[in-house]
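*Asks:* I have a structure I would like to understand better, so I am pasting it below and will then ask my questions one at a time.
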Amino acid sequence: MATRAVLAYSGGLDTSVAVRWMIEEMGTEVIAVAVDVGQGGDFETIRERALAAGAVEAVVVDARREFAEDYVAPALRANARYEGKYPLVSSLSRPVIVKHLVAAAREHRADAVAHGCTGKGNDQVRFEVSTAALAPDLDILAPVRGWGLTREESIEYAERHAIPVTVTKASPYSIDQNLWGRTIECGVLEDPWESPPEEVYETTTPTATGPCDLVIDFEQGVPVALDGRSLPLHELVDEVTRVVGSYGWGRIDMVENRRVGIKSREIYECPGSLALLMAHSDLEDLTMERDLAHEKARLEPRYAELVYDGLWFSPLKSALDAFVEESQRHVTGQVRLRCEMPGRCIVAGRRSPVGLYDYDLATYEAADSFRHQDAEGFVRLWGLGIRTWAARQGRKDEGGMPR
Ligand code: ARG
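For the sequence shown, numbering that gives the first Met the number 0 assigns the number 0 to the initial residue and increments by one for each residue that follows.
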């Protein structure tokens, strides 16, 4: 049995109870690690809470920049959306959290990593498989999965052990949030027929009035400036989230396939990520050669699946990263997003110094430089095989002329 574990600590009820539970019921010393991936909240309070719950050490890591640059940016360049919709919010944060858990485990000579996930979700898969990939020697503890406490029992346990928790008017929802978006599950949302109540939304509450344009500069597939202002990626994503969200745009309501075999109804608020994904893929349309674009589009769903399934640290994912990296060499330029009430955000324009759009080739005006006479021979050869087939084997009932 593990003697000292590093716990992924959020400051919430479950992980606070887990600290004491691991000490009392599992005989394990706990080092709490809270990783800031842009979820908001007061990390000094979170640290104090972990210590009050009984942790021997509580560590706060500001991983916002790292999360943006090393996890969000590659996913954005890969246009990664699970099942074509969900921009992988929680799936993306787990590997960076695990990286810091493992580092803390090494520093504090812990022999296990612990998380507060239940047995029905994807996050346990991501925590455990990522840990296995980075530190196969470490044990994994999942107290919440094993203890079988109801929410009421957890609250009672916290009270009995004087664990400070702020159980705010018992929200029925399970929420996870970071720089890339916000996820909401449970409560009334468990009926896929029920409309999500407005109260579940936080970052997409419409408050804007007039329309606005946002110009995003990309360099090799990564957003680097907003309206001409250079910004570190985590700040840029925050800003786009704030602006686009204020138009009430960026909501997803979907039934998704969890890795553990359950279909679940999920609500996502992702104004920043969805707007940047839309802008990025639009710039690819302008700058990426056709075969490369088509092949990349085939690989993107696979990339998203790997990340969703907890395989961020895996050989296939690394190989796909190398492909995506190479594909982004010329994805440089600007995209103009237009936001309008109510609930509208569209790409209104794009330009690039290395774009493949050639006005002289595309235009129907006088500047036209396309060699029209070349088309005749091209189309004749393109259709030659079909012409031969139709003449020899074409079906009469389809108007063919068999010999
Ligand atoms: N369904 C999403 C996913 O699997 C969201 C999970 C949110 N996690 C949570 N503990 N509430 O990525």
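Where is the CB? At the ideal position from N, CA and C, for every residue including glycine.
Output the distance between the C-alpha atoms of Ser280 and Leu336, rounded to the nearest integer angstrom.
*Replies:* Walking along the sequence shown from the start, residue 280 turns up at place 281. Walking along the sequence shown from the start, residue 336 turns up at place 337. Whole-angstrom Cα-Cα distance: 13 Å.
*Asks:* Using the three-state DSSP reduction, which class does Gly186 fall into: helix, strand or coil?
*Replies:* Taking the first residue of the sequence shown as position 1, residue 186 is located at position 187. In this structure, Gly186 counts as helix in the three-state DSSP scheme.
*Asks:* Between Ser326 and the ligand ARG, is there a pair consisting of the residue's CB and a ligand heavy atom that are separated by less than 6 Å?
*Replies:* Translated into the one-based positions of the sequence shown, residue 326 becomes position 327. No, since every heavy atom of the ligand ARG falls outside the 6 Å radius drawn around the Cβ of Ser326.
*Asks:* Measure the alpha-carbon distance for Ala113 versus Gly83 and round it to whole angstroms.
*Replies:* Here residue 113 corresponds to residue number 114 of the sequence shown, with the count starting at 1. Here residue 83 corresponds to residue number 84 of the sequence shown, with the count starting at 1. Their Cα atoms are separated by approximately 31 Å.
*Asks:* Using a Cβ-Cβ cutoff of less than 6 Å, which residues in the same chain neighbour Val214 once the five nearest sequence positions on both sides are dropped?
*Replies:* Residue mapping note: residue 214 aligns to position 215 of the sequence shown, counting from 1. So the qualifying residues of the chain are Asp226, Gln333, Arg335.
*Asks:* Please classify Val60 as buried or exposed, where buried requires at least 16 other C-beta atoms within 10 Å of its C-beta.
*Replies:* Here residue 60 refers to the residue found at position 61 of the sequence shown. Val60 is buried by the Cβ-count criterion.
*Asks:* Terminal residues of the continuous beta strand (DSSP E) containing Ser412?
*Replies:* The chain is shown from 0 up to 402; residue 412 falls before or after that span and cannot be answered.
*Asks:* Tell me the DSSP secondary structure of Glu201 in three-state form.
*Replies:* In the sequence shown, residue 201 corresponds to position 202, counting from 1. Correct three-state label for Glu201: coil.
*Asks:* Report yes if the CB atom of Leu100 is closer than 7 Å to the CB atom of Val5, and no otherwise.
*Replies:* On the sequence shown, position 101 is the one that residue 100 refers to. On the sequence shown, position 6 is the one that residue 5 refers to. Yes; because the gap between Cβ atoms is below 7 Å, this pair is in contact.
*Asks:* State buried or exposed for Tyr8, treating a residue as buried only when at least 16 other CB atoms are found within 10 Å of its CB.
*Replies:* Numbered from 1 along the sequence shown, position 9 holds the residue referred to as residue 8. Buried, by the Cβ-count rule.
*Asks:* Count the C-beta pairs between the stretch 120–129 and the stretch 251–263 that are closer than 8 Å, then say yes if the count reaches three, no if not.
*Replies:* Enough Cβ pairs lie closer than 8 Å, so yes.
*Asks:* In or out: Ser15 buried (at least 16 other Cβ within 10 Å) or exposed?
*Replies:* Locating residue 15 in the sequence shown gives position 16, where the first residue counts as 1. With 16 or more Cβ atoms within 10 Å of its Cβ, Ser15 is classed as buried.
*Asks:* Roughly how many angstroms separate the alpha carbons of Leu360 and Gly354, rounded to a whole number?
*Replies:* Counting from 1 along the sequence shown, the entry for residue 360 is found at position 361. Counting from 1 along the sequence shown, the entry for residue 354 is found at position 355. Roughly 13 Å separates the two Cα atoms.
*Asks:* On the three-pair Cβ rule with 8 Å, is the stretch 45–65 touching the stretch 21–33?
*Replies:* Yes, they touch.
*Asks:* Who pairs with Arg3 in a beta bridge, going by DSSP?
*Replies:* In the sequence shown, the residue the question calls residue 3 occupies position 4. Partner(s): Glu28.
*Asks:* Can you pull every residue whose C-beta falls closer than 7 Å to some heavy atom of the ligand ARG, listed in chain order?
*Replies:* Ordered along the chain, the selected set is Tyr85, Leu87, Val88, Ser89, Ser90, Cys116, Gly120, Asn121, Asp122, Ser173, Ile174, Asp175, Thr182, Glu184, Glu255, Arg257, Ser263, Glu265, Tyr307.
*Asks:* Quick one: what's Phe217 bridged to in DSSP?
*Replies:* The sequence position of residue 217 within the sequence shown is 218, counting from 1. The partner list for Phe217 (beta bridge, DSSP) reads Pro222, Gly332.
*Asks:* Report the start-end ranges of each beta strand (DSSP E) in the stretch 16–73 that is 3 residues or longer and not cut off at the edges.
*Replies:* Taking only runs of at least 3 residues, the beta strand (DSSP E) segments lying wholly in the stretch 16–73 are 28–35, 56–61.
*Asks:* Are the CB atoms of Ala274 and Cys344 within a distance shorter than 7 Å?
*Replies:* The residue given as residue 344 occupies position 345 in the sequence shown. The residue given as residue 274 occupies position 275 in the sequence shown. Yes, these two residues count as a Cβ contact at 7 Å.
*Asks:* Under 8 Å: do the stretch 201–208 and the stretch 239–254 share three or more Cβ pairs, one atom per stretch?
*Replies:* Yes, since at least three Cβ pairs between the stretch 201–208 and the stretch 239–254 fall closer than 8 Å, the two stretches touch.
*Asks:* With which residues is Cys344 paired in a DSSP beta bridge?
*Replies:* Counting from one through the sequence shown, the residue named residue 344 turns up at place 345. Note: Cys344 sits in a beta bridge opposite Cys338.
*Asks:* Secondary structure at Met253, three-state DSSP: helix, strand or coil?
*Replies:* In the sequence shown, counting from the first residue as 1, residue 253 sits at position 254. In this structure, Met253 counts as strand in the three-state DSSP scheme.
*Asks:* Just the Cα atoms here: how many angstroms apart are Arg328 and Met287?
*Replies:* Stepping through the sequence shown from its first residue, residue 328 is reached at position 329. Stepping through the sequence shown from its first residue, residue 287 is reached at position 288. Spanning the two alpha carbons is a distance of roughly 9 Å.
*Asks:* Identify, in the order they occur along the chain, each residue of the same chain with its Cβ nearer than 6 Å to the Cβ of Phe369, setting aside the five sequence neighbours on each side.
*Replies:* Taking the sequence shown and counting its residues from 1, one reaches residue 369 at position 370. If we look at Phe369 and ignore the five residues flanking it on each side, its Cβ neighbours are Leu360.
*Asks:* Pull up the distance between the alpha-carbon of Pro135 and that of Ala111, whole angstroms please.
*Replies:* The residue you call residue 135 lines up with position 136 of the sequence shown. The residue you call residue 111 lines up with position 112 of the sequence shown. Cα to Cα, the separation comes out at about 10 Å.
*Asks:* According to DSSP, which residues form a beta bridge with Glu268?
*Replies:* Mapped onto the sequence shown, residue 268 falls at position 269. BP columns for Glu268 point to Arg181, Arg250.
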